[in-house]
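**Q** Please read through the structure below; I'll follow up with questions.
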Amino acid sequence: MEPNIEGSPQEMQIVLPSIIALVIGGAIVFAVLPRLAAPMLVGLSLVILAFALWQHVTLFKSEYQLSTWQEQLKFYAPFVMVGGLLLSIFSYFGFLFSIGSTAPEPIMPNIPLLPSPNTATNPVTAAINNGIRNVGNMIAPTNTTGTNSILPTMNILGNANKNKNKSFFSPI
107 MEPNIEGSPQ EMQIVLPSII ALVIGGAIVF AVLPRLAAPM LVGLSLVILA FALWQHVTLF
167 KSEYQLSTWQ EQLKFYAPFV MVGGLLLSIF SYFGFLFSIG STAPEPIMPN IPLLPSPNTA
227 TNPVTAAINN GIRNVGNMIA PTNTTGTNSI LPTMNILGNA NKNKNKSFFS PI
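Numbering (the working numbering), first residue to last: 107 to 278.
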């Protein structure tokens, strides 16, 4: 009889098909599955799960038939099922009619109000505030004159169209 040596050809006959199956499975997972739609993935996973269940049952059928340790537990099965059903019914009604469904508001510490940016003593911050104020002062007259010059143009366009509502839903 030949001694069992690690790395023998008999072991390699088992290892190589397993590695090839893993490589093919990895290629399918990374190349094909991300491109499938979600319903297709659900259907494919259900088919694979059904096939795996069938293969498992056919492979281990005799072991399930010879197993006897769970025979004494089958007498408690109705009580477990009724208890689980009652627990789910009570939890459903508990969540359905829960009174305190909102989370309590956490107590916030008193945070002092920050001083106004105008009172900043930092020269950089003061310069930024002055710049913002100056830009605002420069834009304010332009903003009102721009609006005043646009409004007559809009009125002319409105009169040219006889102020009709051009909405798609207006005839409805």
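Using N, Cα and C, we set each Cβ at its ideal position, and we do this for glycine too.
For L147 versus L139, is the C-beta spacing smaller than 8 Å?
**A** Locating residue 147 in the sequence shown gives position 41, counting from the first residue. Locating residue 139 in the sequence shown gives position 33, counting from the first residue. The answer is yes: Cβ separation under 8 Å.
**Q** Indicate the three-state DSSP secondary structure (helix, strand or coil) for W160 in the structure shown.
**A** In the sequence shown, the residue the question calls residue 160 occupies position 54. Of the three classes helix, strand and coil, the one that applies to W160 here is helix, per DSSP.
**Q** Could you tell me the distance, in whole angstroms, from the CA atom of H162 to the CA atom of Q171?
**A** Indexing the sequence shown from 1 puts residue 162 at position 56. Indexing the sequence shown from 1 puts residue 171 at position 65. In a straight line, the C-alpha of H162 is about 14 Å away from that of Q171.
**Q** Roughly how many angstroms lie between the CA atoms of P280 and S197, to the nearest whole one?
**A** Residue 280 is absent from the structure shown; the chain starts at 107 and stops at 278.
**Q** Going by DSSP in three states, F166 sits in which element: helix, strand or coil?
**A** Taking the sequence shown and counting its residues from 1, one reaches residue 166 at position 60. Of the three classes helix, strand and coil, the one that applies to F166 here is coil, per DSSP.
**Q** Does DSSP put Y198 in a helix, in a strand, or in coil?
**A** As a first step, residue 198 must be located in the sequence shown, where it is residue number 92. If DSSP states are grouped into helix, strand and coil, Y198 belongs with the helices.
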